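Please read the structure below before turning to the comments.
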Amino acid sequence: MTQSEWIVGVDVGGTSVKIGIISAKGDIYKKWEIKTDKSDGGQRIMEDVWNSVQQKLSESNISSDNILGIGLGAPGFIDGDTGYIYEAVNIGWKEYDLPGHLKQLSGLPVFVENDANVAVLGENWQGAGRQEKNVIAITLGTGVGGGIIANGEIVNGANGMAGEIGHMTIEAAGRPCNCGRTGCLETIASATGIVRQAMELIETGNSESKLVEHFENHGVLTAKDIFNYAALGDQEASSIVHYTADVLGLVIANMGALLNPSKVLIGGGVSKAGDQLLDAIKASFEKYALERVSSICDMRVAELGNDAGIIGAAFLVKQKVLHVSF
């Protein structure tokens with residue numbers, strides 16, 4: 004084995020930490036998860052990660068001398084150059100030198116990026132991006148995340164806030180967002196935002212949608228339920244799906260005028276709606292975008308699922324240590 008043969012990829016989430024031993028070619032040799040210990044401001048998470056990595060390396064007869072480095076994706080506000088974490092609310096970290104801490108534990112080079120940025124690196128390296136140089140990725144889950152690759156490099160901005168697509172203002176007098184502002188894309192296009200649209204419709208008391216009956220029978224409604232009823236022809240469910248897709252298409256068209264991407268990747272739990280959502284977003288994008296922008300842009304559903312983070316974290320190490328790019 005050569006030292007560059009293996010990379011450790013880590014994806015820190017609020018519930019679990021996904022970890023992988025990944026080859027320099029991008030193949031996952033072994034992957035697993037550990038619980039995210041958020042007690043005491045998350046101060047034990049990196050110890051847990053490194054102890055777990057050491058155990059798996061030992062089981063695999065891989066020496067840490069054969070590890071090129073550790074790449075890590077984390078939520079929150081992160082300095083893309085240093086990996087310093089200003090704040091990760093869902094974890095409890097604040098003013099935290101994560102790479103310094105993990106490097107001290109492991110003795111290995113450590114590189115840290117925002118989790119959405121790491122995910123787009125993974126998708127572009129081994130997934131739906133196909134190693135394009137100009138890519139926009141949008142993750143539709145509980146919130147809306149995003150990552151941008153321009154000219155082969157992740158775009159971080161002046162203090163790590165580039166790519167925060169979910170917090171673009173869409174409705175100036177819209178609904179409150181968790182960020183403290185109103186009308187963000189996240190309040191519309193996240194799973195939470197889609198359900199919120201349906202609940203507002205139900206609460207009018209004037210709806211004849213099957214969504215009303217479903218909520219009365221089950222006491223809960225999910226984004227998946229809304230897509231299912233839309234596919235069955237429920238008009239009000241369909242109107243929610245089409246409004247959500249129209250907003251997303253408009254946002255992507257505007258971003259397209261700025262960034263001129265060749266690929267747009269749609270991921271996250273909401274993307275499991277598949278062509279039903281993707282086709283509607285494409286139609287909206289083509290309606291709003293400059294023809295020269297839309298003609299070069301291929302829109303796809305992301306392919307790697309939960310593996311995007313650990314694969315992208317591995318690519319981050321390649322990018323930093325071996326100076327490779329797309």
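Just so you know, we're using the numbering used here here: the sequence shown kicks off at 4 and counts up by one.
For every residue, glycine included, the Cβ atom is placed at its ideal position computed from N, Cα and C.
In this text, all values refer to a predicted model and were calculated from it rather than measured experimentally.
Which of helix, strand or coil does DSSP assign to residue i?
{"i": "residue 267", "result": "strand"}
{"i": "residue 16", "result": "coil"}
{"i": "residue 5", "result": "Bear in mind that a pLDDT of 46 at residue 5, under 50, signals an unreliable position, so the number given afterwards is only what the model happens to contain. Of the three classes helix, strand and coil, the one that applies to residue 5 here is coil, per DSSP."}
{"i": "residue 74", "result": "strand"}
{"i": "residue 301", "result": "strand"}
{"i": "residue 140", "result": "strand"}
{"i": "residue 24", "result": "strand"}
{"i": "residue 149", "result": "strand"}
{"i": "residue 98", "result": "strand"}
{"i": "residue 113", "result": "strand"}
{"i": "residue 11", "result": "strand"}
{"i": "residue 306", "result": "coil"}
{"i": "residue 156", "result": "strand"}
What distance in whole Å lies between the Cβ atoms of residue j and residue i, which are believed to be in contact at a cut-off of 8 Å?
{"i": "residue 141", "j": "residue 130", "result": "Going by Cβ atoms, the distance from residue 141 to residue 130 rounds to 14 Å, so no, they are not a contact pair."}
{"i": "residue 94", "j": "residue 313", "result": "Contact doesn't hold; Cβ gap of about 17 Å is too wide."}
{"i": "residue 166", "j": "residue 178", "result": "With a Cβ gap of about 22 Å, residue 166 and residue 178 do not count as contacting."}
{"i": "residue 224", "j": "residue 193", "result": "That belief does not hold up - the Cβ atoms of residue 224 and residue 193 are roughly 14 Å apart, past 8 Å."}
{"i": "residue 113", "j": "residue 316", "result": "That belief does not hold up - the Cβ atoms of residue 113 and residue 316 are roughly 10 Å apart, past 8 Å."}
{"i": "residue 31", "j": "residue 310", "result": "7 Å"}
{"i": "residue 247", "j": "residue 197", "result": "6 Å"}
{"i": "residue 163", "j": "residue 117", "result": "7 Å"}
{"i": "residue 74", "j": "residue 327", "result": "Not really, about 13 Å apart at Cβ, beyond 8 Å."}
{"i": "residue 318", "j": "residue 35", "result": "At roughly 19 Å, the Cβ-Cβ gap does not stay under 8 Å, so residue 318 and residue 35 are not in contact."}
{"i": "residue 157", "j": "residue 137", "result": "Actually they are not in contact, since the Cβ atoms of residue 157 and residue 137 sit about 12 Å apart, beyond 8 Å."}
With residue i as the anchor, note down where its alpha helix (DSSP H) starts and where it stops.
{"i": "residue 45", "result": "Run containing residue 45: none; DSSP gives neither H nor E here."}
{"i": "residue 87", "result": "First-last for residue 87: undefined, no H or E at that position."}
{"i": "residue 316", "result": "311–320"}
{"i": "residue 123", "result": "118–129"}
{"i": "residue 2", "result": "Examination of residue 2 is not possible in this model, given that the chain is present from 4 through 329 alone."}
{"i": "residue 103", "result": "101–109"}
{"i": "residue 215", "result": "213–221"}
Expressed to the nearest angstrom, what Euclidean distance is found between the alpha-carbon atoms of residue i and residue j?
{"i": "residue 139", "j": "residue 90", "result": "24 Å"}
{"i": "residue 195", "j": "residue 174", "result": "16 Å"}
{"i": "residue 108", "j": "residue 53", "result": "7 Å"}
{"i": "residue 19", "j": "residue 92", "result": "15 Å"}
{"i": "residue 50", "j": "residue 101", "result": "11 Å"}
{"i": "residue 60", "j": "residue 66", "result": "7 Å"}
{"i": "residue 216", "j": "residue 307", "result": "35 Å"}
{"i": "residue 283", "j": "residue 182", "result": "28 Å"}
{"i": "residue 160", "j": "residue 135", "result": "20 Å"}
{"i": "residue 4", "j": "residue 28", "result": "Annotation note: pLDDT 40 at residue 4 (below 50); position unreliable, no value reported."}
{"i": "residue 259", "j": "residue 115", "result": "27 Å"}
{"i": "residue 8", "j": "residue 26", "result": "6 Å"}
{"i": "residue 68", "j": "residue 57", "result": "12 Å"}
{"i": "residue 1", "j": "residue 234", "result": "Any property of residue 1 remains undetermined from this structure, which presents the chain solely from 4 to 329."}
{"i": "residue 121", "j": "residue 208", "result": "44 Å"}
{"i": "residue 82", "j": "residue 55", "result": "26 Å"}
{"i": "residue 103", "j": "residue 289", "result": "46 Å"}
{"i": "residue 125", "j": "residue 133", "result": "10 Å"}
{"i": "residue 232", "j": "residue 212", "result": "9 Å"}
{"i": "residue 184", "j": "residue 70", "result": "43 Å"}
{"i": "residue 230", "j": "residue 111", "result": "46 Å"}
What are the boundary residues of the beta strand (DSSP E) that residue i is part of?
{"i": "residue 34", "result": "31–38"}
Hey, which unbroken runs of the beta strand (DSSP E) at 3 residues or more fall wholly within the segment 227–271? As far as the segment 227–271 is concerned, its whole beta strand (DSSP E) runs of at least 3 residues are 266–270.
Suppose only complete runs of 3+ residues qualify. What are the beta strand (DSSP E) ranges in the segment 163–208, listed by chain order? For the segment 163–208, not a single whole beta strand (DSSP E) run of length 3 or above is found.
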